[in-house]
Structure formats: C-alpha cells, structure tokens
Amino acid sequence: MVNGMHEALHPSFREPFEVVLQRNKGEREFQQAVFEVMQSLAPIEGRRPEYSQWSVLQRVIEPERQIIFRVPWVDDDGKVHVNRGYRVEFSSVLGPYKGGLRFHPSVNLSIIKFLGFEQVFKNALTGMPIGGGKGGSDFDPKGRSDGEIMRFCQSFMTELHRHLGEYTDVPAGDIGVGGRELGYLFGQYKRITNRYESGVLTGKGLTWGGSQVRTEATGYGAVFFTEQMLRTRGQSMDGKQAVVSGSGNVAIHAIEKIHQLGGKVIACSDSSGYVVDERGIDLELLKEVKEVRRGRLLEYAQIRGNGVRLIEDGSIWDVPCQIALPCATQNELDERDAKQLLTNGLEAIAEGANMPCTTEATALFQSSDCLYGPGKAANAGGVATSALEMQQNASRDSWTFEKTESRLQEIMSSIHESCLETADEYGDPGNYVMGANLAGYIKVANAMVAMGVI
Ligand code: GLU
C-alpha cells in the first residue's frame, strides 16, 4: 500500500511522510496510521501558519520515547521463555502518557507505534488531560495457566515500573490484558515501589481503586457513538440488525448495549471463526464461554444448538446487517468486505477496535452514503473512562455506575459533536474521519505550539 501513497497527500505533507517511510522501514501499520491522519490535514494548510513555523507535524510523528526490553519467565514445567516487552511513550503534551498494554503473538514495534499514534489523537478528542502511549508484548496468553500469566506479568512489570507513575505514564488493558493481568501488574508495581499509587494503572478491580463502567466502556461508548450518528438521520438502534466482530471485552459490551437499545446482534467471531445466531447472540452464554471458561466460540455453538454453527472460513462481514461494529483487531475488514457490507444494505459502521478497516475499505465507506465512525472517535469511551478512573483515584472517591455511565455518555456526545463541528468548519460536513483527526490534531498541535520546541 506504500507505493504511490505520497500523491494522495497535500504537497506539504509529502516530505514528512517520506521521513516516516524512511525512518520506520517495514512498519506497515505505523505508516498506515500516519498516512490516515495526514490525509485529513489538508484543510488546515495555510490556516494555521504557526504549525508549520514550529514543525508540529515533523515532531508529532516521532514518539517522545520508545522502550524495548527483555521479559524472561519460567513456565509450569520449569522451562525458561523470553519475550519482548514494549512501551512507546508517544506524546505527553496534554497529560501523562496514557494507553493500554497488548499481549498477543502478533505484537511488534510497528503495531505498538501505530496504536500509540492513534492514542494521542483519540485521547485528545476525549477532552480529558491525557497524553498518548501504548505498550505490550509478543507473549501469547492463550492456554497459559494463572501461575504462568502471573509470573509473566511480574517479570514484565519488574522492568516497566521504572518508566511509570501517575504523573508520568499510566497503562491499562488492551487485547490479552484484562482484569486478571492488571491485578498482577498492579501488585508487582506496588511491591517494587512500596507505594499504593492507585493512579498508575487503570482498569483496576472495583474493590481496589477501579472505576465502575471501565470494563463496559469501550463497547458501550462505541454503541453510544453509533446511536448519535443514527440520530443525525432521525433513526436509532431500535429494531436494527447488527454484526459485531470479536468476542472479547469490547465486543461483549457492544453486544450488551445494542441489545439494551433494542437492536439485535446476530453474529460475532473469534480467531477460530464466526457464529451466526438468528435469534440474537445469547449474551449470558457468550460471557460464560469467553470470560469464565476462556474457551472458543465452538463451545457457544454446541451449547446453544438450534442450528447455530461455527463457520471456520469465510468472513463475518458476509452476514447481512444494517449496523457493523468491527471490535476484533487492526485491518480485519478489507475492501472486499466493505463492498459486501454495502451491497447488503449497511447503514452505519463504527470502529470498536483500533484501525480495523484497511485504507481501501475506509475510502469505500467514505465515498458511500453509509455513516462511518472512525476508531479514534467511536472507541474513545474506554480511555475516557480510564481518565474518569484517574480522576476518582486522585480525589480518593468512587462514583456509582449510573453517574459514571452518564459521564461516559456525555463524553461520547461531545466527541460526536466536535467531529461534526470540525468537519463543518473545515468544509466537509458529515465526514467523521476528517472531523475526528482534525479535532484531535488541533488540540495536540496548539499545546505543542504553546510549549515551544521540546
Ligand atoms: N486500550 C484501550 C484503547 O485502545 C484503552 C486504553 C486506556 O484505557 O488507557 O483505547
């Protein structure tokens, strides 16, 4: 996808993009994420001369700090394993570095950098005082015992702790890192530092500094955002048929909220395939299979019976729906999938995962009549609620579920509004991609100009 990309950019962004390609050779996901943001920046050219005067773009595409470290650990049979750990501290201009940790065998520097880059603008869009970063490891948690997960997390934190702090860098979860892992990570941080520093991690358990709604927030937020988009056309989620890819934390809570709002989710997926359940996904069963047993969707299909099958090959996006929420992982939805969805009458798509649509799929959605909510806006509810967790920790308070959910709803509405207002102001009404990228970029860029060349 790299050849010929320059031509699609405004002439003044071609050179900075060339630097990105040369300096980050082979890092395809990172290059893709930068390209996607740069594509949206053309309308500010000439309107904000101070940005070019102070080389904001040239600075924002280079992470402030990149940390790579060895993570040795011992499995249940006494065998030693070595994984690689990462923390890319991308931007601290709006607050401490903030962003999740991903444990997955596909993790490499390109993936962590693309996620960190996205996080900077997503976090800015929330309006909360948080910078952007991301971390993780190529460790594969699948099939590992609790003891192995604990030892891995302890080893990971033994190195990472020196880079963290509630005013410095505040990780959370992402793929492969949930409540269990965050518990082990926080425990090790507390032990090494001898400090009960609640605000150093978010996504904590509810009895030890966590926030209500944090677990639900990314999925709920993506659905709130979709509902807001639908409302601009006088519609709602009620009565709509939806497909949600994935079956992890984001997907499960997106399905839950769609059902609460009167929609019906008929398909979801995991790495082994996808299930179609015309009666609507049975959420209790899905939670039991994925969260309690940590099993595969095959078990869901077997227990649910009544013609529900696991389809191992093929694409979940072939299932006809009006609403699509890709909530699995990056580049899971390509141009062919986008064409199929549009042919089947798709009305709205919102990205619950980070960069789930390829560049080509995104272009297709944008040229269609379908509502398209990009990840930086649609999945910002998770990190926004992390910021609410930090706020509660700082004031040694804890809010009710209702209060926290209504704050999340307000934040999602204000993100939606700022996307639309920015898209309007810069001459492309209804373009959520441009609105989200520009609104986030302008906040970051203004702070960078104010703070000088640092
Ligand atoms: N990993 C989530 C994201 O992609 C949440 C990060 C956080 O809560 O810090 O936004």
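In the numbering used here, the protein residues as written are 9 to 462. Just so it is clear, CB atoms sit at the ideal spot from N, CA and C, and this is done for glycine as well.
**Asked** Looking at Ala-385 and Phe-233, is the spacing between their C-beta atoms short of 8 Å?
**Response** At a Cβ-Cβ threshold of 8 Å, Phe-233 and Ala-385 count as neighbours.
**Item:** beta-carbon Ser-114 near the ligand GLU non-hydrogen atom, thresh 7 Å
**Value:** no
**Request:** Tell me, to the nearest whole angstrom, how far the beta carbon of Ala-444 is from that of Leu-238; I am working on the premise that it is less than 8 Å.
**Result:** For Ala-444 against Leu-238, the beta-carbon gap comes to about 17 Å, at or over 8 Å, which does not count as contact.
**Message:** Can you tell me whether Gln-463 is helix, strand or coil according to DSSP?
**Reply:** In the structure as shown, the chain begins at 9 and stops at 462. Residue 463 is therefore absent and cannot be evaluated.
**Between the CA atoms of Phe-43 and Leu-29 - distance to the nearest angstrom** = 10 Å
**Prompt:** Three-state secondary structure (DSSP) at His-169?
**Reply:** helix
**Prompt:** Among all the DSSP beta bridges, which residues are the ones paired with Asp-182?
**Reply:** Val-185
**Asked** Alpha carbon to alpha carbon, how far is Trp-325 from Arg-152?
**Response** 31 Å
**Request:** Report the rounded CA-to-CA distance for Leu-318 versus Val-185, giving the unit in angstroms.
**Result:** 26 Å
**Asked** Secondary structure at Val-90, three-state DSSP: helix, strand or coil?
**Response** Looking at Val-90 - three-state DSSP - the assignment turns out to be strand.
**Prompt:** How big is the Cα-Cα spacing for Asp-321 and Ala-230?
**Reply:** 27 Å
**Item:** Gln-249 in three-state terms, based on DSSP
**Value:** It is a strand residue.
**Request:** Take the Cβ of Leu-351 as the centre, count every other Cβ of all protein chains shown within 10 Å, and call the residue buried at 16 or more, exposed below.
**Result:** Residue identity check: residue 351 is Thr in the sequence provided, not Leu. Exposed.
**Message:** Please classify Arg-95 as buried or exposed, where buried requires at least 16 other C-beta atoms within 10 Å of its C-beta.
**Reply:** Flag for Arg-95 reads buried.
**Helix, strand or coil at Glu-174 [DSSP, three-state]** = coil
**Message:** Could you check if Lys-130 belongs to the surroundings of the ligand GLU, using beta carbon to heavy atom distance under 7 Å?
**Reply:** Yes, since a heavy atom of the ligand GLU falls inside the 7 Å radius drawn around the Cβ of Lys-130.
**Request:** Over the uninterrupted beta strand (DSSP E) stretch that includes Cys-427, give me the two end residues.
**Result:** Unbroken run through Cys-427 is the alpha helix (DSSP H), 409-433; no beta strand (DSSP E).
**Request:** Mind the definition here: the region 331-346 touches the region 254-262 only if three or more C-beta pairs lie below 8 Å; say whether that holds.
**Result:** yes
**Prompt:** Quick one: what does DSSP say Ala-358 is sitting in, helix, strand or coil?
**Reply:** strand
**Message:** Are the CB atoms of Gly-217 and Gly-211 within a distance shorter than 8 Å?
**Reply:** no
**Prompt:** Considering only residues of the region 298-363, which uninterrupted alpha helix (DSSP H) runs meet the minimum length of 4 residues and lie entirely inside it, listed in chain order?
**Reply:** 305-312, 343-351
**Item:** Terminal residues of the alpha helix (DSSP H) in which Phe-125 lies
**Value:** 117-134
**Asked** Hey, quick one: how far does the beta strand (DSSP E) through Lys-142 stretch, first residue to last?
**Response** 140-145
**Item:** Lys-451 - containing alpha helix (DSSP H), residue span
**Value:** 440-459
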